[in-house]
Amino acid sequence: MRTMSISIYGCLWMRKAFLIFYKDLRQYYSKAPVISWGILFPLAVIVLIAMSMKVYGESRMIPAMFTISLLFASTSMAQVSISFEKMSGSFNRLLYLPISTGELLLGKALGGFMYGFIGSGISALAIYIITGNILVIKPLFLLLGVIIGSLIFTCISIVITLLLDPIPGVALLNIVRFSMMFLGGVIFPSALIPLPIRNTVYIFPSVYVNEMIRYGLYNEWDYVDPYTSLVMSLIIAITLIIASYRLIHYILYR
């Protein structure tokens, strides 16, 4: 009987989270900021990276395509949905619905997950068009990099959007995005970065996500070995999940 009760509760918990995700998907997936930042901008970056492929090599630039697409796609959906709800006042009305903090967090995070995988799919298609093949030596690490990276980037957007008003939140999120893109060990190899700047690379989650994706694709790494990257990514993901949970709980029940 107890096992059945737990199973029923788990199904209801997932159903409520999925309904939140479906509502966000239906209302916000076609919004201009989601399309422009989540799909069009990564496509433009992919084209630029493809043009510089011969400079740094495929093993550097193709993982960068995956990571940048994942970064911008994952951070777009949750940021747009929460910002629109905060501006309309509907986010605080969630307090009156029979949902828990965990259900709300999961529902919001699923949107980022979905767009993250869309971004990865776009990257895979672009890579196939550019190179004619997709080399995956360690598929488990590639999958872990995409899943954990999508979770990390989604939670970053949730935390920033919850902490600030919509306009300052978007500005700060863009600063974080471009910092991870250019200073987070994604595009430039460590040999070309001055030592003082190189030491700051390790504060960005993107370096660990990119190293896992690169190891999965080419069995190579630069800044951090893949197993350390996996551990650090898990620590960052858990920390961000806890921070997101507490922020949502504080906003709804303060």
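Counting from 127, one number per residue, gives the positions in the sequence shown under the numbering used here.
In this text, a Cβ means the ideal position worked out from N, Cα and C, and glycines have one as well.
Rounded C-alpha distance that separates residue i from residue j
i                 : j                 : result
leucine 298       : isoleucine 208    : 15 Å
glutamate 337     : isoleucine 374    : 31 Å
glutamate 184     : isoleucine 194    : 15 Å
leucine 277       : alanine 235       : 7 Å
phenylalanine 243 : isoleucine 282    : 17 Å
glycine 275       : threonine 354     : 15 Å
leucine 261       : glycine 271       : 15 Å
leucine 145       : phenylalanine 210 : 18 Å
leucine 343       : serine 214        : 43 Å
valine 350        : valine 173        : 27 Å
Extent of the continuous alpha helix (DSSP H) run through residue i
i                : result
proline 168      : 167-177
phenylalanine 92 : Residue 92 falls outside the range modelled here, since the chain spans only 127 to 380, and no answer is possible.
glycine 342      : 331-344
proline 159      : 158-161
valine 357       : 352-379
arginine 324     : 321-324
Residue i (DSSP reduced to helix, strand or coil)
i              : result
proline 294    : helix
tyrosine 135   : In this predicted model, tyrosine 135 has a pLDDT of only 45, less than 50, meaning its place in the structure is not dependable; the value taken from the coordinates is given anyway. Note: tyrosine 135 maps to helix in three-state DSSP.
methionine 127 : Reliability fails at methionine 127, whose pLDDT of 48 lies under 50, so the model's placement of it is uncertain and no value is given.
threonine 193  : helix
leucine 261    : coil
aspartate 447  : Residue 447 lies beyond the range of the chain shown here (127 to 380); nothing can be said about it.
Practice task
Report yes or no: do the region 186-202 and the region 305-320 share at least 3 C-beta pairs separated by less than 8 Å?
Solution key: yes
Exercise for the section: May I ask you to verify whether the region 343-359 touches the region 279-296, counting CB pairs closer than 8 Å and requiring at least 3? Expected result: Cβ pair count under 8 Å is below three, so no.
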